[in-house]
Amino acid sequence: MTTQTLLEVRDLSVDYVRDRQLVTAVAGVDLDVRAGEVVGLVGESGCGKSTLARAVVGLLPRAGGTVTLDGRPAREVGRSARPVHDRRLQMIFQDPYASLNPRRRVGRQIADGLPHSLTGPAARSARVGDLLVAVGLDPEVAGRYPHEFSGGQRQRIAIARTLAAEPSVIVADEAVSALDASTQAQVADLLLDLVRSLGMGLLFISHDLSVVRRIADRVAVMYLGRIVESGPTAQVWDRPQHPYTSALMAAVPRLGRDAELPRALTGEVPDPASPPEGCRFSTRCPRVAAPCHVDDPVLLPVGTGHLAACLLAGATGAGPDDGRPLSLTPRTLPADDRHPTRKS
Ligand SMILES: Nc1ncnc2c1ncn2[C@@H]1O[C@H](COP(=O)(O)OP(=O)(O)O)[C@@H](O)[C@H]1O
Ligand SMILES: [Mg+2]
């Protein structure tokens with residue numbers, strides 16, 4: 000059975016202007032989200048996750064690339080004076096206070112998201128009640144104000160308002176990151192249930208790998224504006240093929256000890272204004288080899304539905320962290336590829 004692809008992002012780039020210099024914060028990203036699927040997007044702070052999210056939903060202009068939703072182009076900033084929101088694409092942010100109006104009753108705010116085609120106050124308030132139930136709240140709370148709720152409940156209200164618009168795809172940017180651990184899990188599980196039951200797609204962005212591991216069907220790992228690895232969540236977790244993915248996972252706190260960054264991830268993410276020559280991870284990579292300073296690796300298959308952008312990935316048929324020496328045969332691409340291997 001093939002599942003319908005709802006969101007198709009192709010070769011997306013986003014630039015900022017900083018000190019009159021062009022900074023490419025997202026550099027040629029491909030991403031798909033299918034119906035009923037949660038795709039996790041992970042990576043350290045500053046790697047470009049929020050920039051990617053905002054450009055996908057049309058809150059930031061794209062420097063290049065395309066975003067397609069249900070087979071049609073998503074609306075794009077720049078075609079009108081103000082940023083435009085494509086109704087079919089909805090975003091949930093980390094802080095629901097920033098998106099909920101403190102002076103309006105939450106039921107009204109959820110109703111704002113309903114399509115205009117749903118007419119009549121009774122029908123609209125019934126739908127608001129249904130949406131509150133869908134996110135695990137009592138329909139009676141519609142008359143209350145945001146400050147009367149806990150952080151987790153406010154995020155549920157933000158989710159209800161998002162659902163009111165009947166989106167195809169929801170982009171959640173650190174949507175549970177501000178919540179305590181048990182509330183995080185509950186809200187993440189709610190999102191997963193909604194995606195499955197409504198057949199939506201969810202791009203779930205988090206710097207926290209454990210919550211992504213919990214709900215994502217597939218995961219994409221971002222480093223310095225690029226996707227460096229993607230694949231089915233279990234496969235990426237069990238057999239990471241990019242040293243950056245391995246390092247990120249080693250940094251996930253384990254039971255009984257505090258989180259510590261492995262030696263592999265010392266140092267900062269480089270400034271996207273001047274990315275390293277060759278592989279963007281070469282300046283921090285524990286397995287860096289001579290070709291890595293020259294060739295810019297592209298995503299290539301390393302397993303079923305599993306891609307990695309590492310010159311050393313898949314060279315032994317095992318993960319780069321299995322301790323065995325790796326062959327240094329550079330993996331090159333056909334000449335017509337979009338991101339040709341750079342030689343210097
Ligand atoms: N408004 C902005 N102007 C200039 N640079 C920005 C702006 N927003 C983000 N950046 C830069 O873009 C890069 C990616 O940032 P961001 O998308 O916020 O990363 P993440 O969400 O993964 O933490 C960073 O280098 C950041 O400094
Ligand atoms: Mg962010």
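FYI, the numbering for the sequence shown is 0 to 343, going by numbering that gives the first Met the number 0.
Glycine included, C-beta positions come from ideal geometry on N, C-alpha and C.
Proximity of residue i and residue j at Cβ, strictly below 7 Å
i	j	result
Ser407	Leu11	Shown here, the chain extends from 0 to 343; a query on residue 407 therefore has no answer.
Gly47	Gly224	yes
Ile91	Ala171	yes
Gly112	Ala163	yes
Met221	Gly57	no
Leu59	Ala219	no
Ala250	Ile214	no
Gly198	Gly35	yes
Glu228	Ala121	no
Val66	Leu202	no
Leu68	Arg86	no
Span of the beta strand (DSSP E) around residue i
i	result
Pro231	Arg225 to Pro231
Met90	Leu88 to Ile91
Ser12	Thr4 to Arg17
Gly151	Looking at the DSSP string, Gly151 is not in any beta strand (DSSP E); the run it does join, the alpha helix (DSSP H), is Gly150 to Ala163.
Val66	Gly63 to Leu68
Arg217	Arg217 to Tyr222
Leu59	Counting along the chain, Leu59 falls outside any beta strand (DSSP E), and DSSP gives it neither H nor E.
Ala174	Here Ala174 belongs to no beta strand (DSSP E), and DSSP marks it neither H nor E.
Thr23	Gln20 to Arg33
Leu306	His305 to Ala307
Residue nearest to residue i in terms of C-alpha spacing, selected from the options
i	options	result
Gly304	Ala289, Ser281, Gln240 and Glu276	Gln240
Ser176	Tyr144, Asp29 and Pro95	Pro95
Asp179	Ile204, Leu202 and Gln152	Gln152
His206	Met248, Arg195 and Gly198	Met248
Arg103	Asp85, Gly63, His146 and Arg87	His146
Ala24	Arg53, Asp31, Thr2 and Gln3	Arg53
Val105	Ser49, Phe280, Leu136 and Ala121	Leu136
Pro242	Ala312, Ser196, Ala133 and Leu88	Ala312
Ser51	Arg19, Gly35 and Glu7	Before going on, a small fix: residue 51 reads as Leu here, not Ser. The residue with the shortest Cα to Cα distance from Leu51 is Glu7.
Leu131	Leu117, Arg107, Ala122 and Ile156	Ile156
Ala174	Phe148, Gln154, Leu191 and Val66	Gln154
Leu191	Val134, Val235, Val16 and Gln93	Val134
Gly150	Gln93, Thr2, Cys284 and Ile204	Gln93
C-alpha gap between residue i and residue j, whole angstroms
i	j	result
Arg286	Cys278	12 Å
Ala159	Ser98	12 Å
Arg61	Pro72	13 Å
Val345	Ser124	What is shown of the chain runs 0 to 343, which leaves residue 345 out entirely.
Val38	Asp295	25 Å
Val293	Glu276	6 Å
Pro261	Leu21	Here Pro261 scores only 49 on pLDDT, less than 50, and its place in the model should not be relied on; the value that follows carries that caveat. In a straight line, the C-alpha of Pro261 is about 32 Å away from that of Leu21.
Thr244	Gly27	19 Å
Gln185	Pro290	45 Å
Pro101	Arg143	10 Å
Glu139	Asp129	11 Å
Ser343	Gln183	Here the model assigns Ser343 a pLDDT of 36, short of 50, so the residue's position is not dependable, and the following value carries that caveat. Going by the C-alpha atoms only, they are around 47 Å apart.
Gly45	Glu165	31 Å
Thr232	Arg238	10 Å
Gln89	Ala246	32 Å
Asp321	Ser116	Caution is warranted here: a pLDDT of 44 is assigned to Asp321, below 50, making its placement in the model unreliable, and the coordinate value is therefore given only provisionally. Each residue's alpha carbon lies about 57 Å from the other.
Val194	Arg9	23 Å
Cys284	Pro269	12 Å
Gly230	Tyr15	29 Å
Leu299	Ser49	25 Å
Residue i - containing alpha helix (DSSP H), residue span
i	result
Ala312	Neither: Ala312 is in no alpha helix (DSSP H) and is coded neither H nor E.
Asp192	Ala180 to Leu197
Arg102	Neither: Arg102 is in no alpha helix (DSSP H) and is coded neither H nor E.
Asp129	Pro120 to Ala133
Gln394	Nothing can be reported for residue 394: it is not among the residues displayed for the chain, which extend from 0 to 343.
Leu51	Lys48 to Val56
Leu40	Where Leu40 is concerned, there is no enclosing alpha helix (DSSP H), although the beta strand (DSSP E) it sits in stretches over Glu36 to Val41.
Leu208	Leu208 to Ile214
Residue i beta carbon near ligand 4 (any heavy atom closer than 6 Å)
i	result
Ser49	Within the structure as shown, ligand 4 is missing, the only ligands being ligand 1 and ligand 2.
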